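To start, the structure under review is shown below, and the notes come after it.
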Amino acid sequence: SLLMVHEAFRGMGYGKEIYDEIEDYSRKHNLKGIRIDVVCEYNGTVLQFWKNRGFKEIKGI
Numbered sequence: 002s003l004l005m006v007h008e009a010f011r012g013m014g015y016g017k018e019i020y021d022e023i024e025d026y027s028r029k030h031n032l033k034g035i036r037i038d039v040v041c042e043y044n045g046t047v048l049q050f051w052k053n054r055g056f057k058e059i060k061g062i
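If you're matching positions, the sequence shown starts at 2 in our numbering and goes up one per residue.
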């Protein structure tokens with residue numbers, strides 16, 4: 002799946018709200034983890050968004 006917030010709506014908290022729902026769903030269904038693949042060329046701040054939520058960069062290409 003691909004999830005992106007349109008640039009006109011960035012910085013309004015929508016990404017956080019979406020992620021919070023994904024995390025809640027994952028916990029309720031006892032999922033073991035969440036994998037995130039990030040394409041930094043679209044938006045350089047996206048990597049920090051995920052790091053702020055506890056994700057760690059494993060491999061950069």
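Don't be surprised by glycine CBs; every beta carbon is placed ideally from N, CA and C.
The structure displayed is predicted, hence computed values, not measured ones.
Item, Value
"Taking Cβ positions, are residue 19 and residue 35 nearer each other than 8 Å?", "no"
"How is the alpha helix (DSSP H) around residue 29 delimited, first residue to last?", "15-29"
"Starting from residue 47, trace the alpha helix (DSSP H) both ways and give me its first and last residue.", "47-52"
"Roughly how many whole angstroms lie between the Cα atoms of residue 56 and residue 8?", "22 Å"
"Taking the CB atoms as reference points, tell me whether residue 32 and residue 39 lie closer together than 8 Å.", "no"
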